[in-house]
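The block underneath contains the structure these notes are about, expressed in structure tokens.
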């Protein structure tokens, strides 16, 4: 779900449910403690236009139920729209990009930097 607020911000919400997860895929080095194979997450995000074609993005995926191991996954990004391309630099405390990876949580002490290029076709 998304909601545009005025002309400079957009808010996002994405509930996620992970069922019957293979826990051996979730941070095997961290001695995962949860007995449950199910998790409920509340994904949220916000995109703010700072100047013309420059945006700042904040997103997170806190766990609502089960999978209590680790930190909630959080990400920050800055992006520049140039023609049909979007260039993004992001920082996150987790490497997860699928619901089951995000259910495992982010790192307590590590932050990761990434770079994305995408193309919009009009």
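Residue numbers (this note's numbering): 9 to 130.
All residues carry an ideal CB built from backbone N, CA and C; glycine is no exception.
Bear in mind the structure is a predicted one, so any value in this text is a computation, not a measurement.
Could you pull the DSSP bridge partners for residue 20 from this structure? 10 and 53
Using only CA atoms, which one of 57, 21 and 107 lies nearest to residue 86? 57
Run of the alpha helix (DSSP H) containing residue 109, from where it starts to where it stops: 107-111
Can you say whether residue 63 is buried or exposed, counting buried as having 16 or more other CB atoms within 10 angstroms of its CB? buried
Rounded C-beta distance between residue 83 and residue 67? I'm assuming under 8 Å. 5 Å
Any idea which residues DSSP pairs residue 122 with across the strands? 98
Residue range of the unbroken beta strand (DSSP E) whose run includes residue 63: 62-69
If residue 111 sits next to residue 29, beta carbons under 8 Å apart, how far is it from one beta carbon to the other, in whole angstroms? 7 Å
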